[in-house]
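**Student:** In the UniProt record's numbering, the protein residues as written are 1 to 230. We put the CB at the ideal spot given by N, CA and C, even for glycine.
#1: List in chain order: all unbroken beta strand (DSSP E) runs of 3+ residues lying wholly within the region 36-116.
#2: Rounded to whole angstroms, what is the Cα-Cα separation between residue 200 and residue 183?
#3: Reducing DSSP to helix, strand and coil, say where residue 159 ends up.
#4: According to DSSP, residue 144 sits in a beta bridge with which residue or residues?
#5: So which of 65, 141, 95 has the shortest CA-CA distance to residue 196?
#6: For the beta strand (DSSP E) that residue 171 lies in, which residues bound it at each end?
#7: Just to confirm my understanding: we take residue 98, look at its own chain, exclude 5 residues before and 5 after, and list those with CB closer than 6 Å. What are they?
#8: CB-CB under 6 Å to residue 122, same chain, minus the five flanking residues each way: which ones, in chain order?
#9: Just to confirm my understanding: we take residue 163, look at its own chain, exclude 5 residues before and 5 after, and list those with CB closer than 6 Å. What are they?
#10: Under 8 Å by Cβ, that's how I've got residue 215 and residue 181 pegged, so tell me the actual separation to the nearest angstrom.
#11: Would you kindly report the start and end of the unbroken beta strand (DSSP E) that includes residue 182?
#12: I'd like the list of long-range same chain contacts for residue 309, defined as Cβ closer than 6 Å, with 5 residues on each side in sequence excluded.
#13: Pick out whichever of 49, 39, 36, 37 has its Cα sitting closest to the Cα of residue 217.
#14: CB residue 38 to CB residue 90, shorter than 8 Å?
#15: Excluding the five sequence neighbours on either side, which residues of its own chain have a C-beta within less than 8 Å of the C-beta of residue 67, listed in chain order?
#16: Is it true that the CB of residue 105 sits closer than 8 Å to the CB of residue 73?
#17: When the Cα of residue 135 is compared with those of 126, 224, 161, 110, which residue comes out closest?
#18: What residues are listed by DSSP as bridge partners for residue 213?
#19: Under a Cβ-count criterion, where at least 16 other Cβ atoms within 10 Å of its own Cβ denotes burial, should residue 35 be classed as buried or exposed?
#20: In this structure, what does DSSP give as the bridge partners for residue 198?
#21: Does DSSP put residue 219 in a helix, a strand or coil?
#22: Along the chain, where does the beta strand (DSSP E) containing residue 127 start, and where does it finish?
#23: Is the distance from the Cβ of residue 42 to the Cβ of residue 81 below 8 Å?
Okay, here's the thing in structure tokens:
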């Protein structure tokens with residue numbers, strides 16, 4: 001891709017499990033679900049079970065039929081839960097994240113998930129994007145508008161740059177430009193049947209049962225679901 005400096009990256013993408021897609025997410029404070037049940041209560045439960053690790057903010061994205069539903073909050077997880085209870089989310093694909101600030105202050109704008117310019121692509125992330133300032137400048141030159149102080153926000157915008165309807169392909173292309181140690185999970189409104197994720201040197205805990213697939217950065221978040229795969 002002209003104008004971009006490529007770097008090496010390690011990545012994984014979702015694959016089909018029956019009629020569902022498996023997903024790969026990793027590191028503390030990330031939970032994902034894809035299946036045939038409402039995702040919201042399952043994601044919130046997973047965040048609660050991982051909250052002992054510590055966090056300063058949290059958020060959830062659920063892919064609804066009409067539009068994606070994104071909710072973020074600063075402080076206790078109960079604040080996020082109160083916000084979510086005001087809506088009636090029915091979507092069966094979603095991600096949750098609890099953040100411990102590294103880049104950027106503790107604000108709702110800096111909480112995950114982060115979105116692209118079109119509110120199509122949503123990312124949760126842990127780790128550090130070492131070249132995020134360089135990537136951010138290049139993306140801003142191409143017209144992308146940023147709303148947070150985080151290094152994470154370059155990821156949805158970078159994926160947006162490559163997205164042509166195929167989320168796994170766009171993630172692969174984007175990660176060729178990313179330098180650092182990171183873990184991320186991605187969903188897209190325009191490619192809703194999957195969760196795509198990438199990791200560098202982190203363990204994963206995946207659980208698959210008749211209702212779908214779960215993944216978490218901590219076994220305690222999904223140990224009560226059957227068929228755990230490390």
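**Tutor:** In short:
#1: 57-63, 68-74, 93-99
#2: Numbered from 1 along the chain shown, position 200 holds the residue referred to as residue 200. Numbered from 1 along the chain shown, position 183 holds the residue referred to as residue 183. Rounded to the nearest angstrom, the two C-alpha atoms are 6 Å apart.
#3: The sequence position of residue 159 within the chain shown is 159, counting from 1. Three-state DSSP puts residue 159 in a helix.
#4: Counting from 1 along the chain shown, the entry for residue 144 is found at position 144. Answer by DSSP bridge pairing: none, since residue 144 is not bridged.
#5: Residue mapping note: residue 196 aligns to position 196 of the chain shown, counting from 1. Nearest option by C-alpha distance: 95.
#6: Looking up residue 171 in the chain shown gives position 171. Premise fails: residue 171 lies in the alpha helix (DSSP H), 167-175, not in any beta strand (DSSP E).
#7: Indexing the chain shown from 1 puts residue 98 at position 98. Result list for residue 98: 29, 47, 55, 58, in chain order.
#8: As a working note, residue 122 is residue 122 in the chain shown. 61, 113, 115, 187.
#9: Along the chain shown, read from residue 1 onward, the residue named residue 163 stands at position 163. Answer for residue 163: 170, listed in chain order.
#10: Taking the first residue of the chain shown as position 1, residue 215 is located at position 215. Taking the first residue of the chain shown as position 1, residue 181 is located at position 181. At roughly 19 Å, the Cβ-Cβ gap does not stay under 8 Å, so residue 215 and residue 181 are not in contact.
#11: Sequence index remark: in the chain shown, residue 182 carries index 182 (1-based). Unbroken beta strand (DSSP E) run through residue 182: 180-188.
#12: No information on residue 309 is available, as it lies outside the stretch 1 to 230 that the chain covers here.
#13: Looking up residue 217 in the chain shown gives position 217. Residue 49 is the option with its Cα nearest to residue 217.
#14: The count along the chain shown starts at 1 and reaches residue 38 at position 38. The count along the chain shown starts at 1 and reaches residue 90 at position 90. It is a contact, given that the beta carbons lie within the stated cut-off.
#15: Position 67 of the chain shown, counting from 1, holds the residue named residue 67. Answer for residue 67: 119, 189, listed in chain order.
#16: Reading the chain shown from its first residue, position 73 is the one you call residue 73. Reading the chain shown from its first residue, position 105 is the one you call residue 105. Result no, Cβ atoms of residue 73 and residue 105 do not sit closer than 8 Å.
#17: Walking along the chain shown from the start, residue 135 turns up at place 135. Out of 126, 224, 161, 110, 161 has the C-alpha closest to the C-alpha of residue 135.
#18: Position 213 of the chain shown, counted from the start, is the residue given in the question as residue 213. Its beta-bridge partners are 34, 208.
#19: As a working mapping, residue 35 is identified with position 35 in the chain shown. By the 10 Å Cβ count, residue 35 comes out buried.
#20: By 1-based counting over the chain shown, the position of residue 198 is 198. The partner list for residue 198 (beta bridge, DSSP) reads 184.
#21: Mapped onto the chain shown, residue 219 falls at position 219. Residue 219: helix per DSSP, three-state reduction.
#22: In the chain shown, the residue the question calls residue 127 occupies position 127. It spans 121-129 - the beta strand (DSSP E) in which residue 127 sits, taken as one unbroken run.
#23: Locating residue 42 in the chain shown gives position 42, counting from the first residue. Locating residue 81 in the chain shown gives position 81, counting from the first residue. Cβ distance not < 8 Å, so residue 42 and residue 81 don't count as in contact.
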